[in-house]
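A.B. asks: One structure follows; several queries about it will come next.
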Amino acid sequence: MQPKIIIHGGFFSESADTEEIRIAKRNALINIVTEAHEYLQNNSALKTVIYAVSLLEDCELFNAGLGSQIQSDGKIRMSAAIMDGFSKKFSGVINIEEIKNPVFVAEKLMDYEDSVLSGAEAQSFARQHGFQYYNPETESRRRSYIEKLSESSRVGTVGCVALDAEGKLAVATSTGGKGFEVPGRVSDSATVAGNFGNDFAAISCTGVGEDIVSAALAAKIVTRVTDGLSLKDACDRSMNELKPYDGFAGVIGISADGEVYHTDSHPFMVWASYAGTLEVFS
Ligand code: GLY
């Protein structure tokens with residue numbers, strides 16, 4: 004099986020992002036997908052999605068890890084999840100604070116029966132496992148917070164789906180949330196609506212968490228592929244179902260037969276893939 008990978012960095016925000024930021028995001032996605040694709044040659048899909056998402060979290064252009072959005076009370080709370088399509092194990096952290104890479108805490112939780120933790124308990128689990136204090140706030144996010152964030156800039160998440168040489172699929176997703184939300188609000192990213200995979204397909208979502216959860220989006224697409232639809236048809240049919248309530252979402256996915264696909268409901272998700280050749284949003 005030829006290893007394949009696709010990543011996303013959330014949505015480009017027409018009102019908040021400049022042309023300079025668009026180019027910077029494009030270059031960052033090219034570098035990260037190239038590095039992660041190289042890594043995938045000698046590592047499993049599972050290890051690769053964790054690695055790729057950690058690189059996306061470390062890049063302050065994206066809303067995950069460093070550079071996460073700030074919530075209405077001035078704090079940053081992050082969520083991340085991993086799903087191994089082979090073992091069907093899902094792990095995640097919800098609303099964790101003061102951690103550098105939430106995806107690595109989700110990785111640690113893969114070894115535990117209680118594999119999804121939230122809030123202070125997630126942070127205390129992380130500290131017990133050697134994750135040091137880290138402040139993910141950037142000056143630019145603080146400025147946006149002070150300006151109270153425009154509606155259209157409130158969408159961003161990062162994600163990666165990979166298919167490895169053994170034909171195994173995995174997916175990881177990480178987010179700083181939608182920005183300026185009520186503390187306690189739960190993102191889709193660490194749920195099966197935003198991050199789901201099995202032996203047939205794996206999907207990572209970005210967009211407005213409430214819309215994605217209402218559609219059970221990632222789990223629904225994967226179920227449709229499992230029941231025989233192509234990845235494209237499963238994504239397109241599920242995205243059509245967002246239309247009656249103007250749901251705002253973008254998805255990336257790979258199916259076990261090697262189909263790589265991405266689509267979004269509104270302009271426009273930033274993504275890059277490596278499936279034989281490098282492709283990136285323009
Ligand atoms: N998709 C990220 C969020 O709504 O929090």
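Just so you know, we're using my numbering here: the sequence shown kicks off at 4 and counts up by one.
Note that CB positions come from ideal geometry on N, CA and C, so glycine has one too.
(1) Buried or exposed for R146, going by 16 or more other Cβ atoms inside 10 Å?
(2) Any heavy atom of the ligand GLY inside 6 Å of the beta-carbon of T160?
(3) Rounded to the nearest angstrom, what separates L32 and A275 at their Cα positions?
(4) Just to confirm, does K78 get its C-beta within under 6 Å of one of the non-hydrogen atoms of the ligand GLY?
(5) CB-CB under 6 Å to L112, same chain, minus the five flanking residues each way: which ones, in chain order?
(6) Kindly indicate which residue of S268, M81, I9 and P247 has the alpha-carbon position closest to the one of D239.
(7) At the level of alpha carbons, what is the spacing between S155 and S57?
(8) Within 10 angstroms of its Cβ, does Y137 collect 16 or more other Cβ (buried), or is it exposed?
(9) Taking just the CA atoms, how far does A83 sit from G133?
(10) Would you say the beta carbon of S192 comes nearer than 6 Å to a heavy atom of the ligand GLY?
(11) So, is T21 buried or exposed, given that buried needs 16 or more other C-beta atoms within 10 angstroms?
(12) Would the beta-carbon of T178 be found less than 6 Å away from any heavy atom of the ligand GLY?
C.D. replies: Reading off the structure:
(1) Taking all protein chains shown into account, R146 has fewer than 16 neighbouring C-beta atoms within 10 Å of its C-beta and is therefore exposed.
(2) Yes - the ligand GLY has a heavy atom lying nearer than 6 Å to the Cβ of T160.
(3) 6 Å
(4) no
(5) S94 and S118
(6) When the alpha-carbon of D239 is set against those of S268, M81, I9 and P247, the nearest one is in S268.
(7) Because S155 sits at a pLDDT of 46, beneath the cut-off of 50, its placement in the model cannot be relied upon, and the following sentence gives the value as read from the coordinates. A straight-line Cα-Cα distance of about 25 Å links S155 and S57.
(8) exposed
(9) Computed Cα separation, rounded: 18 Å.
(10) yes
(11) exposed
(12) yes
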